[in-house]
Every structure is written in structure tokens, then in C-alpha cells.
Ligand SMILES: Nc1ncnc2c1ncn2[C@@H]1O[C@H](COP(=O)(O)OP(=O)(O)O)[C@@H](O)[C@H]1O
Ligand SMILES: [Mg+2]
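Protein chains in written order, with the UniProt record's numbering: chain L, 1 to 233; chain Y, 1 to 309.
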């Protein structure tokens, strides 16, 4: 498993797309944190009026990027996480050497690690500027990404054509955040499944609620493993 | 010791029954050759044994481990699936290292370099696999099957598409591996090759193993079941059709004259029982007899006949 993880992680850093995304997120975090830092008065005033902690304001830019672009970015990097190896038939080499479950977990964790690094860099920059590490926001962002990565893994498992997952990835990457955010505030019956299946609704609320996306993510991973166990390569 | 035991193994793709009940045992230290025409299901069997596809029915054991627990034996079995499954963007050595780490093989750089040398890929270590020729890809696929010093090595057409020289190298390598105690299961289209390097052969046809045995056994069996035996006789002067009809009058066997070529006469006989008598008659008639040879059926003919049966 660690070998697949390592390979997936290293490959992420070899792709132009993922480096650009990493730089983009880092840049946005840096600029926004710097901006707030230079406008302390404004921030304090806003925090007072809105009741939101100042920490949330500093990390707002990362949160915004992940909530709005998270699906799109993860799809952009990993839409072909599983189906590419099946399409290229390189999976045949992997399955002769290690178990299918280890391949899937290795790939998932490799991508997750890439995002942990990316997000940690941003939080580290904010921490350098503000002198504080905003743990709650950090954990929430990671849970959100955990959900997204497992969802992308699932899509890459059930759809076997990489060209198709690319288009579906772009489509879902744009549509899901919109539906997800609307569903949080809508009472329309047809939004209800999205409200509970997508992670947006769980951002506010109790600690237990916060971890629900993690559970849904584990379900996506488990179903993917089950499907791949039955598959002929 | 049994390295592999396959029982009533079946595989269906949709409604097509590709394998209809394979029964096979592979013993330690042997080179087993699996032959069959294109699309017979050789690769399918290998895929099932190596967890690439799922079986439809039946069961098998590898190294004593039942098929439900194949993950436990993967580190002890080396596999070369059909070609074209390589990471084209990796350098040869990096590819081997990645595959090696998956097999928990000795991970020193020297080990991988020496393996590349062993399969004849010296000089190509640092080149990307996509720049490799077909033969080179084949060789590196074989190399990755040898990683981690596996006890059982499964090779799907290891020499097909190789130039004769490379094919000989690979065959020698297989023989060397056998000498070092490995068990090898391979498929091939080349029946000469099978005959040269395999201890036993199985012929797959119509989803079952139609024939199984040493190449010699299969050829003998084929000769026995034949209605007529080809006979080649070298004499001086050469035997003509007239000679034959004179001689055969007094014999119990049916002889038919085919043709002559230089000193050789080609005949067909219904049984080998009359051969001593025939030789005696020839000598008595004052013709010098140099050689009497029964035409042996080649493995190729055995194979072709299996298809027709
Ligand atoms: N994934 C698959 N789906 C459907 N049919 C397949 C699949 N793989 C192989 N087959 C069919 O199974 C048969 C056996 O193929 P294969 O095992 O590759 O034969 P061989 O290796 O003996 O040439 C062929 O008719 C082939 O078309
Ligand atoms: Mg084949």
C-alpha cells in the first residue's frame, strides 16, 4: 500500500495541473491573510458585528476556495485515479503483486496526502502571519477534502472511461458546489438528498455533524473497493 | 510437491464459456507449457490464477493456499501478463524498482541493474519504457516477473514476437531458472520451443485440456492412434514402386509406395509389425539397406489433430 501511496503522491507533484492548483491556493491564502493582517481594525470590527471569530476570517479564503473549487480541483487532478490504470491495463501488474484493497487505499491516501500538504502550507503561512494555528478550520477543511477525494475515487471507479470522467468531473465540479450550497438553505423536496449527501450542510453544527462527511466518504471508499474486487481487469 | 492445483475451473464472459472445467496440477521444479490456438483461453486461465479476473466456478490452490486467499501468495508468484501493461512514462529501472517495492523485493539499485542485465536490457536502464522496442518491453515484463525471487513463475507468451536470438536468450533463461529450483508455467505458440524447454504440455481446446503429458508421450500416443505410419528407407539402389510391389506380395502388412527422393523411399504402412520382415526381404533381394526410419509425428501435428478431434 505504501508503495502505491508514494507513487501517487510523487506523481501529483510531477503534474503541472496540481502544482498550479497548489500555488493558486497558497497564493490566495497568503494574499488574504496579509490583507487582513494589514487591516486589523476592519477585521476586529467585522468579527464583533458578525459574531464570527477572527480565525474564521483569516482562513475564509482557503475555506472559500475549497468549498467552491474543491470538487473541480480534485477532479482536475484525480478524475482518472482508478480508471486510468484499468484503461491502460497497468492494473494487471499491480493486482499480481498486491491486494486490490491496498491498491485503492494506497491511491486514496496518496491523493489525500497531496491535499494535506497543500492545505498545510496555506495554514502554515497564515500561522506565520497571525501567530496562531486555526485547528478547527484546518480539521474541517481536511474532512471536506476527505469527502471530495473519496467521491472522486468512487466516480473514477464506476465510470471506466478516463475521457468521460474528465467531462463529468468538470460538470460535477461546477454543479455540485452550487447544488450543495443551495440545498443547505432550501426546503424543496428535490434538494433534500443533496442536503444530506453532500458535505456542505455539515459545516455548521455540532462536532458530531462535522464528522458525518467522513462517514459518507468511508462509504464511498468501501463501495469502490467492493466493486473493484468483483471486476475483471 | 504440488505448486498449483486447479479443479473444474470455469470462466464465462457474458454468455460465452471460455473455460469449461480445467483440471490441472503443476509440480515443483517443472516447466509446464500451455498451448492452444488464439482465443482458446490460455490468457484467461492465467488471469484467473493471478487475480486479474475472477473465476466463474471451480477452485484452485497455489502453493497450498486456496483461491479465496490469493493475496497471501502474490509475493511468492511472479507473473508476466500479456504485453502492453507497462508504465510507459517510467524509466526502465524506475519501473522495476516500483514493481520490486510492491513485491517487497531486495531494493538495492544493484539488484535491479543486474536483473536488467540478466534479461538483456543493458544500456536501456535509464531510458523511458515508451522508447523501448516490442522485444525490450517483453524483456522488462519478464524481469518484473522475476522480482523478489518467486517460487512459481507464470509467463504468458514470453517469447512471442521476439527475434530468434532474444527468444533463445529467454529460453536459456527459463532453463536456468528451472535449474535453480523454480517452477515455470508458460504459454506459447511455438511448439518447437515447447518441445525444447517444457517437461510437460497441456493442450487447451474448446475450454478444456484435451491432452496432457510430456511432449514425448503426446507424440507416441498420436502415432499409436494413427491409421498409417510413414516410413523412410534409404537403400542403394533406391527402391522403386516395382520393388515394393514385388516384396510386399509375401508380407502380412499393407505397404503403399509414395515417392522417392535421392536414395530415400517414402512409404506408408498400416502397422509396424511387418517391419523386420520387410527389412529382411529388402536385403535378400540384393539391395543395400542403409536406414529404416519411422516418421515421428511432430508436436505440431499432435496439436493440429487436437483441433480437429
Ligand atoms: N474481458 C473479456 N471480455 C469478454 N471476452 C473476453 C475477455 N477476455 C477474453 N475474452 C475472450 O475469451 C476468449 C479467450 O481469450 P484468451 O484467454 O485471451 O485466449 P488466448 O490467450 O488463448 O489467445 C477469447 O474468445 C476472447 O475474446
Ligand atoms: Mg493470450
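Positions of the beta carbon are idealized from the N, C-alpha and C atoms, including for glycine.
So the candidates are the options; which of them puts its Cα closest to the Cα of residue i?
{"i": "residue 102 of chain Y", "options": "Y:147, Y:89, Y:80, Y:85", "result": "Y:147"}
{"i": "residue 108 of chain L", "options": "L:232, L:3, L:24", "result": "L:3"}
{"i": "residue 150 of chain Y", "options": "Y:138, Y:141, Y:75, Y:136", "result": "Y:75"}
{"i": "residue 80 of chain L", "options": "L:151, L:216, L:141", "result": "L:151"}
{"i": "residue 222 of chain L", "options": "L:103, L:92, L:207", "result": "L:103"}
{"i": "residue 33 of chain L", "options": "L:15, L:61, L:114", "result": "L:61"}
{"i": "residue 204 of chain Y", "options": "Y:7, Y:22, Y:12, Y:5", "result": "Y:22"}
{"i": "residue 25 of chain Y", "options": "Y:17, Y:18, Y:206, Y:9", "result": "Y:9"}
{"i": "residue 215 of chain L", "options": "L:202, L:227, L:87", "result": "L:202"}
{"i": "residue 70 of chain L", "options": "L:10, L:142, L:94, L:190", "result": "L:142"}
{"i": "residue 156 of chain Y", "options": "Y:142, Y:163, Y:166, Y:167", "result": "Y:142"}
{"i": "residue 199 of chain Y", "options": "Y:213, Y:82, Y:192", "result": "Y:213"}
{"i": "residue 56 of chain L", "options": "L:15, L:20, L:134, L:197", "result": "L:134"}
{"i": "residue 23 of chain L", "options": "L:118, L:59, L:186, L:185", "result": "L:118"}
{"i": "residue 153 of chain Y", "options": "Y:182, Y:56, Y:162", "result": "Y:182"}
{"i": "residue 15 of chain Y", "options": "Y:35, Y:36, Y:56, Y:7", "result": "Y:56"}
{"i": "residue 31 of chain L", "options": "L:168, L:129, L:171", "result": "L:129"}
Beta-carbon of residue i versus every beta-carbon of chain L: anything under 8 Å?
{"i": "residue 184 of chain Y", "result": "no"}
{"i": "residue 128 of chain Y", "result": "no"}
{"i": "residue 173 of chain Y", "result": "no"}
{"i": "residue 102 of chain Y", "result": "yes"}
{"i": "residue 51 of chain Y", "result": "yes"}
{"i": "residue 45 of chain Y", "result": "no"}
{"i": "residue 239 of chain Y", "result": "no"}
{"i": "residue 54 of chain Y", "result": "yes"}
{"i": "residue 116 of chain Y", "result": "no"}
{"i": "residue 98 of chain Y", "result": "yes"}
{"i": "residue 297 of chain Y", "result": "no"}
{"i": "residue 86 of chain Y", "result": "yes"}
For chain Y, check one thing: does any of its Cβ atoms lie closer than 8 Å to the Cβ of residue i?
{"i": "residue 97 of chain L", "result": "yes"}
{"i": "residue 228 of chain L", "result": "no"}
{"i": "residue 233 of chain L", "result": "yes"}
{"i": "residue 107 of chain L", "result": "no"}
{"i": "residue 26 of chain L", "result": "no"}
{"i": "residue 94 of chain L", "result": "yes"}
{"i": "residue 45 of chain L", "result": "no"}
{"i": "residue 40 of chain L", "result": "no"}
{"i": "residue 3 of chain L", "result": "yes"}
Along the chain, where does the beta strand (DSSP E) that runs through residue i open and close?
{"i": "residue 128 of chain L", "result": "Per DSSP, residue 128 of chain L belongs to no beta strand (DSSP E); it is in the alpha helix (DSSP H), 100-130."}
{"i": "residue 215 of chain L", "result": "Unbroken run through residue 215 of chain L is the alpha helix (DSSP H), 207-230; no beta strand (DSSP E)."}
{"i": "residue 28 of chain Y", "result": "That residue, residue 28 of chain Y, is in no beta strand (DSSP E); it is neither H nor E in DSSP."}
{"i": "residue 233 of chain Y", "result": "229-236"}
{"i": "residue 187 of chain Y", "result": "183-187"}
{"i": "residue 200 of chain Y", "result": "200-205"}
{"i": "residue 265 of chain Y", "result": "264-269"}
{"i": "residue 58 of chain Y", "result": "57-62"}
{"i": "residue 290 of chain Y", "result": "288-294"}
{"i": "residue 69 of chain Y", "result": "No beta strand (DSSP E) contains residue 69 of chain Y, which DSSP labels as neither H nor E."}
{"i": "residue 259 of chain Y", "result": "255-261"}
{"i": "residue 278 of chain Y", "result": "No beta strand (DSSP E) holds residue 278 of chain Y; the alpha helix (DSSP H) holding it covers 275-284."}
Between which two residues does the alpha helix (DSSP H) containing residue i stretch?
{"i": "residue 115 of chain Y", "result": "109-118"}
{"i": "residue 78 of chain L", "result": "60-78"}
{"i": "residue 7 of chain Y", "result": "Taken as a continuous stretch (DSSP letters only), residue 7 of chain Y belongs to no alpha helix (DSSP H), being part of the beta strand (DSSP E) at 2-13."}
{"i": "residue 141 of chain L", "result": "135-158"}
{"i": "residue 137 of chain Y", "result": "134-146"}
{"i": "residue 156 of chain Y", "result": "Here residue 156 of chain Y belongs to no alpha helix (DSSP H); instead the beta strand (DSSP E) covers 152-156."}
{"i": "residue 184 of chain L", "result": "162-185"}
{"i": "residue 16 of chain L", "result": "16-38"}
{"i": "residue 53 of chain Y", "result": "That residue, residue 53 of chain Y, is in no alpha helix (DSSP H); it is neither H nor E in DSSP."}
{"i": "residue 210 of chain Y", "result": "Segment 208-213 is the beta strand (DSSP E) holding residue 210 of chain Y; no alpha helix (DSSP H) there."}
Flag this pair as yes or no: are the beta carbons of residue i and residue j separated by less than 8 Å?
{"i": "residue 178 of chain Y", "j": "residue 77 of chain Y", "result": "no"}
{"i": "residue 123 of chain L", "j": "residue 66 of chain L", "result": "no"}
{"i": "residue 244 of chain Y", "j": "residue 257 of chain Y", "result": "yes"}
{"i": "residue 120 of chain Y", "j": "residue 188 of chain Y", "result": "no"}
{"i": "residue 140 of chain Y", "j": "residue 174 of chain Y", "result": "no"}
{"i": "residue 177 of chain L", "j": "residue 199 of chain L", "result": "no"}
{"i": "residue 172 of chain L", "j": "residue 149 of chain L", "result": "no"}
{"i": "residue 255 of chain Y", "j": "residue 267 of chain Y", "result": "yes"}
{"i": "residue 89 of chain L", "j": "residue 89 of chain Y", "result": "no"}
{"i": "residue 19 of chain Y", "j": "residue 207 of chain Y", "result": "yes"}
{"i": "residue 93 of chain Y", "j": "residue 122 of chain Y", "result": "no"}
For ligand 3, I want to know if residue i counts as a neighbour, meaning its beta carbon is within less than 7 Å of at least one of the ligand's heavy atoms.
{"i": "residue 284 of chain Y", "result": "Ligand 3 is absent from the structure shown, which contains only ligand 1 and ligand 2."}
Would residue i count as contacting chain C if we go by Cβ distances under 8 Å?
{"i": "residue 197 of chain L", "result": "No chain C appears in the structure shown, which is made up of the protein chains L and Y."}
- Message: Can you pull out the residues from the segment 68-84 of chain Y whose beta carbon lies closer than 7 Å to at least one beta carbon of chain L?
- Response: Within the segment 68-84 of chain Y, the residues whose Cβ lies closer than 7 Å to some Cβ of chain L are 71, 74, 79, 81, 84, listed in chain order.
- Query: In chain order, what residues of the segment 10-37 of chain L put their CB closer than 7 Å to some CB of chain Y?
  - Reply: Residues passing the 7 Å Cβ filter: none.
- Message: Can you pull out the residues from the segment 79-92 of chain L whose beta carbon lies closer than 7 Å to at least one beta carbon of chain Y?
- Response: 89, 90, 92
- Between the segment 135-164 of chain Y and chain L, which residues of the former have CB atoms less than 9 Å from a CB of the latter, in chain order? 141, 144, 145, 147, 148, 154
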